[in-house]
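Numbering (my numbering), first residue to last: 17 to 417. Working notes for the structure below.
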């Protein structure tokens, strides 16, 4: 196969590219230019889009002896990730920009360009696994060009997205937005390896990035100060912080800068009467009000999600004939999986549920009921559903209860 290896300049994408070459593929390295100005990016090694990263990626490509290109997706990244991030916070929601980047840039813009140029798939350094299951065309739930890979004489296989072997590094959560067509054209060569093994392999291969620190935080916020970035974007907007009884306990410079579950940066005028810490319970950007409460009042037992995407056969109302489905759910990038009951509803009863296996279906909603209350769950976050280690699908949280 002809493969585009997305090379960020880090150790993971370097080893991923090398492994695709070892597997016999024709590989071309591509670095994504995502910023319109260099000063938008980090200057340290903590970000995933530093000024030095393109050079690091090029040096790895040279060592591997593969062609290397820089593809400019700065305008697409600004529109689909940065502006989306700002809009969501302005509406009082909490987005995950890395997840959005995967959905709209790495496995949409990048993959689309790769396919248009005659490549077969994209490989990245994400820690997740592709498991291939034998299947046949036309079996139930196998319509269209979904997650199938035609291996010629070897037959046809269905590709499933699973958690990585290294649970501590697993990134299947931020890949849970991939639809079947994207999954069919994606490779994750690191899914069966521990991070320590990847670094050791990079050192053996002589990659200068073998000891490079992992990327953290948000690449387009240079100093990591999200609240400051939002204030610069929207301006200071003085408002009140109230407790659960409605009493004013502090002030802020913009409700858009807060997220549910937040404790840091509240600067309350006085400690609570009971001496316990307070956390953000709700954010209302229309009234510019932030409400804080003790931890026990932040627990969420039910989640409703829209913008639903399926990794594999879509769950349908017919699949729930025996009642809600028992699955696992992950609610944040580094949160533990929790047991849940899931119900799926379609606004259009006549709609074909298999249509939701492609781009997100606005007509589909998920109701997710948690066994135990979970704190820090906010609208705008994504809920990713699992059946064992397999990713079933995802949705964007629209409300909680």
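All C-beta atoms in this analysis are idealised placements derived from N, C-alpha and C, irrespective of residue type, glycine included. Fair warning: this is a prediction, and the values are worked out from it, not measured in the lab.
Straight-line CA distance for residue i to residue j?
| i | j | result |
| --- | --- | --- |
| residue 327 | residue 271 | 35 Å |
| residue 172 | residue 205 | 20 Å |
| residue 347 | residue 191 | 13 Å |
| residue 20 | residue 86 | 12 Å |
| residue 240 | residue 312 | 29 Å |
| residue 417 | residue 319 | 6 Å |
| residue 30 | residue 256 | 48 Å |
| residue 405 | residue 391 | 23 Å |
| residue 266 | residue 395 | 23 Å |
| residue 308 | residue 273 | 14 Å |
| residue 221 | residue 73 | 14 Å |
| residue 44 | residue 33 | 9 Å |
| residue 372 | residue 38 | Note that residue 372 scores 42 on pLDDT, short of 50, meaning its location in the model is unreliable and no value can be drawn from it. |
| residue 78 | residue 106 | 44 Å |
| residue 281 | residue 317 | 27 Å |
| residue 288 | residue 264 | 12 Å |
| residue 90 | residue 99 | 12 Å |
| residue 374 | residue 227 | Low confidence applies here, because residue 374 scores a pLDDT of 48, under 50, leaving its location unreliable and the question unanswered by this model. |
| residue 68 | residue 35 | 23 Å |
| residue 118 | residue 399 | 15 Å |
| residue 161 | residue 213 | Residue confidence for residue 161 is low, a pLDDT of 43 falling below 50, so the modelled location carries little weight and cannot support an answer. |
| residue 25 | residue 81 | 16 Å |
| residue 182 | residue 350 | 13 Å |
| residue 329 | residue 291 | 50 Å |
| residue 415 | residue 93 | 27 Å |
| residue 58 | residue 49 | Per-residue confidence for residue 58 stands at a pLDDT of 47, beneath the threshold of 50, marking its modelled position as unreliable; the derived number appears in the next sentence. If I take the Cα positions, the gap works out to 13 Å. |
| residue 3 | residue 278 | A query on residue 3 cannot be resolved here, the shown segment of the chain reaching from 17 to 417 and no further. |
| residue 284 | residue 235 | 30 Å |
| residue 268 | residue 196 | 44 Å |
| residue 198 | residue 150 | 19 Å |
| residue 167 | residue 123 | In this prediction, residue 167 has a pLDDT of 45, which is less than 50 and means its spatial position is unreliable; what the coordinates show is noted afterwards. Going by the C-alpha atoms only, they are around 22 Å apart. |
| residue 185 | residue 211 | 7 Å |
In the DSSP assignment, the beta strand (DSSP E) including residue i goes from what residue to what residue?
| i | result |
| --- | --- |
| residue 380 | 380-390 |
| residue 403 | 398-403 |
| residue 410 | 406-416 |
| residue 150 | 145-151 |
| residue 257 | 255-258 |
| residue 48 | 42-49 |
| residue 19 | 18-22 |
| residue 138 | 137-139 |
Considering just the uninterrupted stretch of the alpha helix (DSSP H) at residue i, what are its terminal residues?
| i | result |
| --- | --- |
| residue 272 | Neither: residue 272 is in no alpha helix (DSSP H) and is coded neither H nor E. |
| residue 102 | 99-106 |
| residue 128 | 126-132 |
| residue 91 | 90-93 |
| residue 31 | 27-38 |
| residue 80 | 69-80 |
| residue 246 | 242-250 |
| residue 116 | 113-117 |
Since residue i and residue j should fall inside the 8 Å C-beta cutoff, what is the C-beta to C-beta distance between them, to a whole number of angstroms?
| i | j | result |
| --- | --- | --- |
| residue 237 | residue 393 | Contact doesn't hold; Cβ gap of about 23 Å is too wide. |
| residue 411 | residue 322 | 6 Å |
| residue 142 | residue 407 | About 12 Å separates the two Cβ atoms, so there is no contact after all. |
| residue 113 | residue 138 | The Cβ separation is near 19 Å, so there is no contact. |
| residue 47 | residue 23 | 5 Å |
| residue 223 | residue 76 | 6 Å |
| residue 174 | residue 131 | Contact flag wrong, Cβ pair sits at about 20 Å. |
Given 7 Å as the limit, tell me if residue i has its C-beta closer than that to any heavy atom belonging to the ligand MG.
| i | result |
| --- | --- |
| residue 261 | Only the bare structure without any ligand can be found here, which leaves the ligand MG out of the picture. |
Checklist entry - Looking at C-beta atoms only, is the number of pairs between the stretch 258-276 and the stretch 224-234 that lie closer than 8 Å three or more? => result no
Checklist entry - In chain order, which continuous runs of the beta strand (DSSP E) of length 3 or greater are located wholly inside the stretch 274-353? => result 295-300, 305-309, 316-326, 341-346
Next on the checklist: Threshold first: 3 residues or longer. Then list the beta strand (DSSP E) segments lying entirely within the stretch 169-237, N to C.
Outcome noted: 172-178
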